[in-house]
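Protein chains in written order, with the working numbering: chain P, 210 to 432; chain E, 210 to 432.
Every residue, glycine too, gets a C-beta built ideally from N, C-alpha and C.
This report concerns only the one structure given below.
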DNA sequence: GTTGGTTTCAAACGAATGTTTGAATCCTGA
DNA sequence: TCAGGATTCAAACATTCGTTTGAAACCAAC
């Protein structure tokens, strides 16, 4: 390829980290795939950890900027009024699912991101928290405003469940093939499927544990 | 401890594999934690891979037997009639969430299982498919019977999403803490929360994509 | 008490890991 | 053209990995 060594290493690392995980991916695998010398990683990035961090930051910063931009657009359109839950879900998860459909590295990265969530190394969790701080705050506020009758703790759990569904939606059909033959080639279909599921879950009737919590007992339906 | 070396190794491996993943967990970490000699793993299990397989089989077989038993009970009670989706969800995910609440190893194992789903090594995927074959077949049949109006492909995706939500529900608050302070100490509450969410997602309105054929669509979409 | 099989132990094995080194090579600006 | 920083390269660095070995320790049966 014509691209420089640094970019080739980032691309190769992204792909191999997605496929084999953070620990099982060796620098020799990466530099071989990138057609670079073994020492190039330490020359360009300093260490393996710094390379991994660069791989994540390269796309994650952009992803969360897109999320915030989408939220900004909806809020400008609404002009002070609470957004519809569907819009907030679209801004957060829709952007992610669309990036996961991008065959030019976006898909690889999103799969890597999904699997990293459940195998957090300390140093990864550290800069992941950094990268997510702002977007989390913005979306929490938007959701709380849009769903005032859903207890905040309940919503946080549902958000967490939604992240899980997203992660599996993106993770590729690896685990899916346990269920049998299935077609995962249509990103538009996946987008529509996930959206329906997420909104169904988000707006499900509240569980019974909130009855004793002295809230409004008749607010059985979310929003 | 009173337990024998073999059991101590299994317990230590389960705990450390959950915390650090399959590759980052070394035999020296395991044998130190188990207060056993390094060679004990190869003596009792033959290899690191065989140990990992033993860790999974020890509890996964039992878990899936419980799932099938729960399904059997519901089906016997229904006597040929289709089950309620809520009952099938309860039999599959409820059993899992209840095992994840068991502080005596069950929680550790379920977290390990959840994270392994998104980091499948070849040999793990192999016996995971074995262990799941029967239970998947049973539950697919039950769901198809209970939800005849949901296209099978759509349901498989929803089942996949539900697995993702379960995985995150179980995975502990590691990723959750990104969202802010939250209480994950009440297993009953978690059970109720997840059930509401799953059933809400499972019964959500179908997405718009089901007009086209299952394979390559000749006409891409209706207008 | 001695035997024979089971289990534990310290030590070492070769292979693979991330990193470092210092010389070669490339490339740009004067 | 040539000097000098940027980049590449082969080789070696010290560790750590999973596994193997052979002797020591344990333990029930006779």
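Annotation for residue 278 of chain P: the continuous alpha helix (DSSP H) segment containing it runs 257 to 287. For residue 405 of chain E, the secondary structure class from DSSP, reduced to helix, strand or coil, is helix.
Straight-line measurement puts the Cα of residue 404 of chain E at about 10 Å from the Cα of residue 296 of chain E.
Annotation for residue 359 of chain P: no alpha helix (DSSP H) segment contains it, and DSSP assigns it neither H nor E. Per DSSP, the continuous alpha helix (DSSP H) segment holding residue 249 of chain E begins and ends at 249 to 253. A Cβ-Cβ contact shorter than 8 Å links residue 364 of chain E with residue 352 of chain E.
Looking at E:415, E:219, E:361, E:256, the one whose alpha-carbon comes closest to that of residue 241 of chain E is E:219. Classified as buried, residue 329 of chain E has 16 or more neighbouring CB atoms from the shown chains inside 10 Å of its CB. Pairing residue 410 of chain E with residue 409 of chain P gives a Cβ-Cβ distance under 8 Å. For residue 270 of chain E, the nearest beta carbon of chain P is not closer than 8 Å to its own beta carbon.
In the displayed model, residue 309 of chain E falls within a helix according to three-state DSSP. For residue 288 of chain E, no chain P residue has a C-beta closer than 8 Å to its own C-beta; the minimum C-beta separation is roughly 28 Å.
The residue from E:418, E:397, E:333, E:416 with its alpha-carbon nearest to that of residue 418 of chain P is E:397.
Under the Cβ criterion of 8 Å, residue 410 of chain P is counted among the residues facing chain E. Against chain P, the beta carbon of residue 345 of chain E has neighbours under 8 Å at 387, 388, 389, listed in chain order. Sequence-distant Cβ neighbours of residue 336 of chain P in its own chain, meaning closer than 8 Å and more than five residues away, are 262, 265, 266. Annotation: Cβ neighbours of residue 415 of chain E in chain P (cutoff 8 Å, chain order): 405. Any Cβ of chain E closer than 8 Å to the Cβ of residue 331 of chain P would place that residue at the interface, and such an atom is absent. For residue 316 of chain E, the three-state secondary structure derived from DSSP is helix.
Listed along chain E are 230, 232, 233, each with a C-beta nearer than 8 Å to that of residue 232 of chain P. Taking each of E:317, E:348, E:387, E:376 in turn and checking the Cα distance to residue 348 of chain P, the smallest one comes out for E:387. Only residues of its own chain outside the window of five on either side were considered, and among them 214, 217, 218 have a CB closer than 7 Å to the CB of residue 245 of chain P, listed in chain order. Counting along the chain, residue 294 of chain E sits inside the alpha helix (DSSP H) bounded by residues 294 to 298. Between residue 223 of chain E and residue 293 of chain P, the alpha-carbon positions lie close to 44 Å from each other.
Chain order gives the chain E residues near residue 401 of chain P as 416, 417, 418, where near means a beta carbon separation below 8 Å. Taking a beta-carbon distance threshold of 8 Å, residue 265 of chain E does not count as an interface residue toward chain P. In this structure, the beta-carbon distance from residue 270 of chain P to residue 340 of chain P falls below 8 Å. The shortest C-alpha to C-alpha distance from residue 309 of chain P to any of P:300, P:322, P:298 is the one to P:322. Per the C-alpha coordinates, the member of P:358, P:212, P:298 positioned closest to residue 406 of chain P is P:298.
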